[in-house]
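K.L.:
I'd like to ask you about the structure that follows.
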Amino acid sequence: MHIALTFGQHGISNDEWVQHTYGRLLLDYYASGLTDMSAFHYKDLYLYGGLFDLIAAALERVLPMNVWDMRHLLSAAFGFAGMVAVYRLARHLLNDTAACIAVALLMLTGAWSGALFTHTKDIPFAACMAWVTWYTTLIVTRLPAPPLGLVLKLGVAIGCAFGLRVGAVFGVMVLGFGVLASMALVDGDWRARLAHLGRSLRTLLPALPVALALIALFWPWAAQAPGNLIKALTTFSHVTFAIQTVLDGQVMAITEVPRSYLPIYLAVRLPELALAGLVAALGMLLTAVLTAVFTPALDARHHPLRQHLPWLTVILAALLPLALAIATRPALYNGIRHFTFLLPPLAVIAAAGLYALWRHARASRSLAAAFIALCLIGALDPLVALARLHPYHYVNYNRLAGGFEAAVAGRWEADYWSDGVREASGLLRDHLKGTTRPAAPWRVAVCADPVEADAWLGPEFVITRDWVSADFFISTTHMDCDSVLAGRIIGQVAREGLPLTILKDRRMLTAEQRRLLR
Numbered sequence: 009m010h011i012a013l014t015f016g017q018h019g020i021s022n023d024e025w026v027q028h029t030y031g032r033l034l035l036d037y038y039a040s041g042l043t044d045m046s047a048f049h050y051k052d053l054y055l056y057g058g059l060f061d062l063i064a065a066a067l068e069r070v071l072p073m074n075v076w077d078m079r080h081l082l083s084a085a086f087g088f089a090g091m092v093a094v095y096r097l098a099r100h101l102l103n104d105t106a107a108c109i110a111v112a113l114l115m116l117t118g119a120w121s122g123a124l125f126t127h128t129k130d131i132p133f134a135a136c137m138a139w140v141t142w143y144t145t146l147i148v149t150r151l152p153a154p155p156l157g158l159v160l161k162l163g164v165a166i167g168c169a170f171g172l173r174v175g176a177v178f179g180v181m182v183l184g185f186g187v188l189a190s191m192a193l194v195d196g197d198w199r200a201r202l203a204h205l206g207r208s209l210r211t212l213l214p215a216l217p218v219a220l221a222l223i224a225l226f227w228p229w230a231a232q233a234p235g236n237l238i239k240a241l242t243t244f245s246h247v248t249f250a251i252q253t254v255l256d257g258q259v260m261a262i263t264e265v266p267r268s269y270l271p272i273y274l275a276v277r278l279p280e281l282a283l284a285g286l287v288a289a290l291g292m293l294l295t296a297v298l299t300a301v302f303t304p305a306l307d308a309r310h311h312p313l314r315q316h317l318p319w320l321t322v323i324l325a326a327l328l329p330l331a332l333a334i335a336t337r338p339a340l341y342n343g344i345r346h347f348t349f350l351l352p353p354l355a356v357i358a359a360a361g362l363y364a365l366w367r368h369a370r371a372s373r374s375l376a377a378a379f380i381a382l383c384l385i386g387a388l389d390p391l392v393a394l395a396r397l398h399p400y401h402y403v404n405y406n407r408l409a410g411g412f413e414a415a416v417a418g419r420w421e422a423d424y425w426s427d428g429v430r431e432a433s434g435l436l437r438d439h440l441k442g443t444t445r446p447a448a449p450w451r452v453a454v455c456a457d458p459v460e461a462d463a464w465l466g467p468e469f470v471i472t473r474d475w476v477s478a479d480f481f482i483s484t485t486h487m488d489c490d491s492v493l494a495g496r497i498i499g500q501v502a503r504e505g506l507p508l509t510i511l512k513d514r515r516m517l518t519a520e521q522r523r524l525l526r
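Numbering follows our numbering, in which position 68 of the sequence shown is assigned residue number 76; successive positions increment by one, without gaps.
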């Protein structure tokens, strides 16, 4: 219901025009019989898989709807599929109650529920990675002879994930660690373990051609040379842009972010209820490890860690990318956007922690009542915050961070995707209703990608890159971009009384005044 009612209320994200152009070029590549190579020379988009953008470009030709709303609906559909994977994973590991808790925690996280529509690179990738984790979890516990159908499904999930981002390599790494853990728990000597490993690899082999075929389909550049996958991986591990990010009020270049950047952003983006679940899950993990260390087992088949093997893939899916990001310090910005794929496994782990607390609390009626009350408060608080921010849920932060107010005040990344530009464009149209149109179109400067306003303004407006000459200025308040140009504020997109996007009229300014900053 949330998806159906709100997909048409979001603006165009900063990268969306180039993404969609890439999808169109990929479609041209196939329509030309693989002769039109424009897609592989368009900016740096060839370094990304085109699964989402190729589908969107194809749907654009057959669906009679606004292309940007269509993309947002498609992105939300991917996100919904990711939540299905989360539900299945938590139900498999625990039960239906824990599965519902996991999905609820995910939806209470504004970085997920608010990003569903506009993060058209991050949400589809996170959804595919959730399915990779689901199938990997099923397979690892059935090694060395998982069903062929399951192996082929894993190949589809991995192929689709690579068809979006080379970051799918994390899924392959988790699978590898799962295979090694399964081998380590085999009863017998090193020969038996090596035999188990050999059988496991042979049974997993059918996933490889399936994954490679999908990678070639959705990311044809990766299939054009053997080293292209490695090239994409190394390129993104050393990516640099001349932009800045902010961490707890400190503005810094994205190449100078501390190792704590991603952990801190996860801590302030997750709802407090999810954080409580993660703390409880950490306690469960430590207990399990200590039990395994101090409890002798007759053989590997009865090793205490064997019963926890299904959880290994989920824990690794959440912690391995995080650990590598801390260790390697890549350029990071937009908070957790590039690591949105961590949210599904974290939701499952947090749900396990909360469910474990519930199992202990229900032994006492008073404890059970107190626990339920605390959980309701923990759920209602972010739910109310998300409702007040509608449809800009992704700007929400928990109370540890100071909430949405702290983000707008400059402590955290706020509306970095310029979601409010669409609403501000509508405000500008409304402001000029009944006004005599000038001979030339009104010039509008936009602190965002020009298409983000141009798509919602009529022919009486033209987006100008000569900001000084602009009649009007539309800007997000993120990183103080709204202060760059002077003008009279005639409208703003605000939530909780705090502005996300500012609309300024500059027509009354003299030529000299227009040159003034701030």
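Virtual Cβ for every residue (Gly too), placed ideally from N, Cα, C.
(1) Kindly provide the ranges of any alpha helix (DSSP H) runs that are 4 or more residues long and lie completely inside the region 194-249, ordered along the chain.
(2) By Cβ distance, which residues of its chain are closer than 7 Å to residue 46, with the 5 residues on each side in sequence left out?
(3) For the beta strand (DSSP E) containing residue 496, name the first residue and the last one.
(4) For residue 452, which beta-bridge partners are listed by DSSP?
(5) Would you say the region 68-79 touches the region 102-109, given that touching needs at least three Cβ pairs under 8 Å?
(6) Measure the C-alpha to C-alpha separation of residue 306 and residue 207 and round it to an integer number of angstroms.
(7) I'd like the span of the beta strand (DSSP E) that includes residue 259, first residue to last.
(8) Quick one, which of 435, 460 and 468 has its alpha-carbon nearest residue 446's?
(9) From the DSSP output, read off the bridge partner residues of residue 513.
(10) How close, in whole Å, do the beta carbons of residue 319 and residue 158 come, if the pair is a contact with beta carbons under 8 Å?
(11) Let me know the secondary structure DSSP gives residue 253 once reduced to three states.
(12) Look at residue 86 and residue 12 and say whether their C-beta atoms are less than 8 Å apart.
(13) For the alpha helix (DSSP H) that contains residue 27, what are its first and last residues?
(14) If you drop the 5 nearest sequence neighbours on each side, which residues of the same chain put their C-beta closer than 7 Å to that of residue 363?
(15) Could you tell me the alpha carbon to alpha carbon distance between residue 456 and residue 471, rounded to whole angstroms?
(16) Starting from the Cα of residue 214, find the closest Cα among 489, 169, 164 and 188 and give me that residue.
(17) Is the region 163-177 touching the region 111-121, taking contact as three or more C-beta pairs under 8 Å?
(18) Look at the alpha carbon of residue 279 and the alpha carbon of residue 483, and state the distance between them as a whole number of angstroms.
(19) Does the pairing of the region 332-344 with the region 259-269 give three or more beta-carbon distances under 8 Å?
(20) Hey, could you find the ends of the alpha helix (DSSP H) residue 19 is sitting in?
(21) On the DSSP bridge list, what partners appear for residue 507?
(22) So, under 8 Å CB-CB, residue 354 and residue 326 are touching, yes? Tell me the CB distance rounded to an integer number of Å.
(23) Of all the options 95, 25 and 141, which has the alpha carbon lying nearest to the alpha carbon of residue 61?
(24) Compute the distance between the beta-carbons of residue 391 and residue 511, then report whether it is under 8 Å.
(25) How should residue 492 be labelled, buried or exposed, when 16 other C-beta atoms within 10 angstroms of its C-beta is the threshold for buried?
(26) What do you reckon, are the CB atoms on residue 23 and residue 129 nearer than 8 Å?
(27) What does a CB cutoff of less than 7 Å around residue 161 pick up in its chain, not counting 5 residues either side in sequence?
(28) Within its chain, find whatever has a CB closer than 7 Å to the CB of residue 51; leave out the 5 residues flanking it on each side and keep chain order.
(29) Select from 145, 513, 64 and 70 the residue whose C-alpha is nearest the C-alpha of residue 99.
(30) Quick test of the definition: if touching needs 3 or more C-beta pairs under 8 Å, does the region 148-156 touch the region 197-207?
(31) Please go through the same chain and pick out, in chain order, the residues whose beta-carbon is closer than 6 Å to the beta-carbon of residue 185, but skip the five residues on each side of it.
(32) Terminal residues of the continuous alpha helix (DSSP H) containing residue 424?
(33) Classify residue 344 as helix, strand or coil using the three-state DSSP reduction.
(34) Rounded to the nearest angstrom, what separates residue 63 and residue 95 at their Cα positions?
(35) What is the rounded straight-line gap between the Cα of residue 513 and the Cα of residue 429?
(36) Tell me the rounded alpha-carbon separation between residue 441 and residue 125.
P.N.:
Considering the structure as presented:
(1) 198-212, 215-226 and 236-245
(2) 33 and 36
(3) 496-503
(4) 471 and 480
(5) no
(6) For residue 306, the predicted structure reports a pLDDT of 49, less than 50, and the residue's modelled location is therefore unreliable. A value from the coordinates is still provided. One C-alpha to the other measures close to 24 Å.
(7) Start and end: 258-261.
(8) Ranking 435, 460 and 468 by Cα distance to residue 446 puts 468 first.
(9) 480 and 496
(10) Residue 319 to residue 158, Cβ: 18 Å. No contact.
(11) strand
(12) no
(13) 24-39
(14) Result list for residue 363: 102, 105, 106 and 109, in chain order.
(15) 11 Å
(16) 164
(17) These segments do not touch.
(18) About 29 Å.
(19) yes
(20) Premise fails: residue 19 is in no alpha helix (DSSP H) and is neither H nor E.
(21) 502
(22) 5 Å
(23) 25
(24) no
(25) exposed
(26) yes
(27) 143
(28) 26
(29) 145
(30) yes
(31) 324
(32) Residue 424 -> no alpha helix (DSSP H), and no H or E assigned at all.
(33) coil
(34) 25 Å
(35) 15 Å
(36) 30 Å
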